[in-house]
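Have a look at the structure below before the remarks.
Numbering (the working numbering), first residue to last: -16 to 91.
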């Protein structure tokens, strides 16, 4: 069966768009998963020390210290571990987002 030039171009465009969309959707789902993991970690970090009521300030200080140490290590390293650094950074963003949401829940 002979294909026309229009059909050949249509096939290539279809394959190319499928390839791009599949790759971007995998990346997007992985980024969203990292954000949700950070959100879950923040929920655990805010509820576990808060059970006794005494650990609020100490827990916040530990969270901020770990956050700053991770930020320092991420931004001072070379481009060799770029994928791992971006994943850790997305988890950090999820943690901060989750802590803000918990603060708004407590304020309302």
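By construction, the Cβ of each residue, glycine as well, lies at the ideal position given by its N, Cα and C atoms.
Owing to the predicted nature of the structure, the values given are computational and were not obtained by experimental measurement.
Residue i to residue j span [Cα, whole Å]
i          : j           : result
residue 90 : residue 17  : 27 Å
residue 14 : residue -15 : 43 Å
residue 65 : residue 59  : 11 Å
residue 56 : residue -1  : 38 Å
residue 44 : residue 28  : 12 Å
residue 34 : residue 42  : 11 Å
residue 70 : residue 83  : 20 Å
residue 32 : residue 12  : 31 Å
Nearest-angstrom Cβ-Cβ length linking residue i and residue j, presumed shorter than 8 Å
i          : j          : result
residue 21 : residue 78 : 4 Å
residue 53 : residue 75 : 6 Å
Residues of its chain near residue i, where Cβ-Cβ distance is below 8 Å and the 5 sequence neighbours each way are ignored
i          : result
residue 49 : none
residue 26 : 81 and 85
Sequence-distant residues of its chain with Cβ nearer than 7 Å to residue i (five each side left out)
i          : result
residue 72 : 57
Own chain residues within Cβ distance below 6 Å of residue i, not counting five before or after
i          : result
residue 68 : 57
For a minimum of 4 consecutive residues, which ranges assigned as the alpha helix (DSSP H) are wholly contained in the segment 43 to 77?
For the segment 43 to 77, not one full-length alpha helix (DSSP H) segment reaches 4 residues or more.
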